[in-house]
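A.B. asks: In mature numbering (1 follows the signal peptide of the UniProt record, and there is no 0), the protein residues as written are -22 to -1, 1 to 254.
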Amino acid sequence: MKKTLTFSTLGLVLFLASCNQATPQTTNLTPPTTSPSSGSINTGAETLSPLGIASATSMSVGQTRQFNVTVNGTAPTPGQLVWTSTSTSVVTVTQSGLATALTPGSATVRAALASNPGAYIDFPVTVNATTPVTTTPTTSFAQRVLELTNAARAQARTCGTTSYAATTPLAYNPLLEQAAQGHASDMAGKTYFSHTSQDGRTFAQRITATGYTWRTVAENIAAGQATPESVVSGWLQSPGHCANIMNPALRELGVGYAYNGNSTYRHYWVQDFGAR
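#1: Just mark residue 172 as buried or exposed, buried being the case when its beta carbon has 16 or more other beta carbons within 10 Å.
#2: Drop a sphere of 10 angstroms on the beta-carbon of residue 207, count the other beta-carbons inside from all chains shown, and report buried for 16 or more, exposed for fewer.
#3: Does residue 76 pass the burial test, meaning 16 or more other C-beta atoms within 10 Å, or should it be called exposed?
#4: Am I right that residue 296 and residue 250 are in contact with their C-beta atoms under 8 angstroms? What's the rounded C-beta distance?
#5: Around the Cβ of residue 115, are there at least 16 other Cβ atoms within 10 angstroms (buried) or fewer (exposed)?
#6: Tell me whether the beta-carbon of residue 89 lies closer than 8 angstroms to the beta-carbon of residue 39.
#7: Nearest by alpha-carbon distance to residue 103: which of 61, 68, 177, 201 is it?
#8: Would you report the Cα separation of residue 231 and residue 92, rounded to the nearest angstrom?
#9: Just to check my reading of the structure: residue 223 and residue 131 have Cβ atoms closer than 8 angstroms, yes? What is that Cβ distance to the nearest angstrom?
#10: In chain order, what residues of the same chain lie with their CB nearer than 6 angstroms to the CB of residue 246, ignoring the 5 residues before and after it?
#11: Does DSSP put residue 73 in a helix, in a strand, or in coil?
#12: Compute the Euclidean distance between the alpha carbons of residue 154 and residue 190, then round it to the nearest angstrom.
#13: Just grab the DSSP bridge partners of residue 230 for me.
#14: How is the alpha helix (DSSP H) around residue 118 delimited, first residue to last?
#15: For residue 177, name the three-state secondary structure that DSSP assigns.
#16: Who are the Cβ neighbours of residue 137 in its own chain at under 7 angstroms, not counting the five residues just before and after it?
Below, the structure written as structure tokens:
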């Protein structure tokens, strides 16, 4: 009997409720659409060396990644697959397909049929060293928004009906700034206000396009506020925006600001949050 194996890689996605207000200041936290790797191999018991190779995967030290393989279109039964790594000092993998990056280097994670080890799918993995981004905002407005946001995170507060403890400051990330500034400039230049670009891209797609590899992302936007103080104050008074600011799972921030005196609101602000 032939068996078909297919696979996909899945990342963690943040789910939060969106706020809904009459003022032009909204939060859209719809999880981004991802395009997992996919493929298949067909094998029979008499075949000794069939193989499938997935797209290469990059991970950072300390990161985990779930690899999923189906057998004949269904989830494998316990013990039906054997998961191995060619270098357990670089990446380990459990028998459920959960890989953990340990040290920089390259390794191959393999899922093979227990009944026919010659039928397998390989996942090439490159593990990169974690290098903290030490950067600062490129504008004084972005710097001030970062300062005010981290000052808010340093104090416990209630966002709507949800209480948040004080949490760690956000690091500034130039790729998140690139996504945020691009969207702020686009909204100001084309006179619209939305988390969705006029070309149809979501905030997650804009962030991904910069090369930022993320586990969790979120976005705050605002329009009409003339100063960093007024925009951050407004976000903190809105449950959805406040939740993004206080969320301890979000570790990095990029800020965008654009002005167009001929546009509807003149001032346009974007906060893009992420965690890797």
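Note that CB positions come from ideal geometry on N, CA and C, so glycine has one too.
C.D. replies: Based on what the coordinates show:
#1: exposed
#2: exposed
#3: exposed
#4: There is no way to answer for residue 296, as the model of the chain reaches only from -22 to 254.
#5: buried
#6: no
#7: 68
#8: 45 angstroms
#9: 7 angstroms
#10: 162, 165, 166, 201, 236
#11: coil
#12: 7 angstroms
#13: 149, 252
#14: 118 to 131
#15: coil
#16: 217, 220, 221, 224
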